[in-house]
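Counting from 353, one number per residue, gives the positions in the sequence shown under the working numbering.
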Amino acid sequence: MAIVIWLVFAAVLVIVEIATMGLTTIWFAGGAVVAALAAIFEAHWLVQFLLFAVVSLALLIFTRPIATKHLMKEPEKTNVESLVGQTALVTVTINNIKSEGSVKINGLEWTARSKNDTVIEEGSEVVIDAVSGVKLIVESK
Numbered sequence: 353m354a355i356v357i358w359l360v361f362a363a364v365l366v367i368v369e370i371a372t373m374g375l376t377t378i379w380f381a382g383g384a385v386v387a388a389l390a391a392i393f394e395a396h397w398l399v400q401f402l403l404f405a406v407v408s409l410a411l412l413i414f415t416r417p418i419a420t421k422h423l424m425k426e427p428e429k430t431n432v433e434s435l436v437g438q439t440a441l442v443t444v445t446i447n448n449i450k451s452e453g454s455v456k457i458n459g460l461e462w463t464a465r466s467k468n469d470t471v472i473e474e475g476s477e478v479v480i481d482a483v484s485g486v487k488l489i490v491e492s493k
C-alpha cells in the first residue's frame, strides 16, 4: 500500500509542477519515487520518509540552480525594447531645446532626443539609451 501512496504523491507533485512551472515540486516528486522504491523493498516507513526528505532536499539544492539556469531564461527583447543599446545615425540635428531631431535605425526614422541635453549634429552616430513613448533617448557614441 505504501508504494501506491508514494507513487500517487509523486504524480500529484508532477501535476502541480506542470501547472505552476516553478521548478520546485518536481524535486519532491523525485524523492517520492525513491521512497516508493524503498517501499518495494519493504523498508520501514521511517526509512522511506527519511529517503524522501534527503533525496528531495539534495535534488532541490544541487540540481535546481542548474535547471533554473537553463530553463528559466529572461524573455527575449522584441520590437522597441530591442533598440536599446543599438547604434543609430542622426538624420536631423538633435536639439532638445528646439524639440528637434531624428535618427535612422533599421531603415526606420525615429524622433530622437539627447540624453544629456547636448546638441548632436546630423551625420553623427549615437547609441540608443532608452525609449520614451515614440521618442528614442540617445547619447553620442
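Yeah, the Cβ is synthetic: ideal placement off N, Cα and C, and Gly gets one too. Bear in mind the structure is a predicted one, so any value in this text is a computation, not a measurement.
Can you tell me whether DSSP reads K447 as helix, strand or coil? Reading the sequence as shown, one finds Asn at residue 447 and not Lys. Strand, per DSSP.
Are the beta-carbon atoms of T445 and E473 separated by less than 8 Å? yes
Classify T439 as helix, strand or coil using the three-state DSSP reduction. strand
Where does the unbroken alpha helix (DSSP H) through T460 begin, and where does it stop? A quick correction: the sequence has Leu, not Thr, at residue 460. Here L460 belongs to no alpha helix (DSSP H); instead the beta strand (DSSP E) covers 460-466.
Taking its Cβ as the centre, do 16 or more other Cβ atoms sit within 10 Å of A405, making it buried, or is it exposed? exposed
Exposed or buried, which one is W397 when buried takes at least 16 other CB atoms within 10 Å? exposed
Who are the near neighbours of I392 in its chain, counting only those whose CB is closer than 8 Å to its CB and skipping five residues on each side? I355
Starting from S408 and walking both ways along the beta strand (DSSP E), at which residues does that stretch end? Counting along the chain, S408 falls outside any beta strand (DSSP E), though it belongs to the alpha helix (DSSP H) covering 397-423.
Nearest-angstrom Cα distance between S434 and L423? 22 Å
To the nearest angstrom, how far is the alpha carbon of L488 from that of N448? 12 Å
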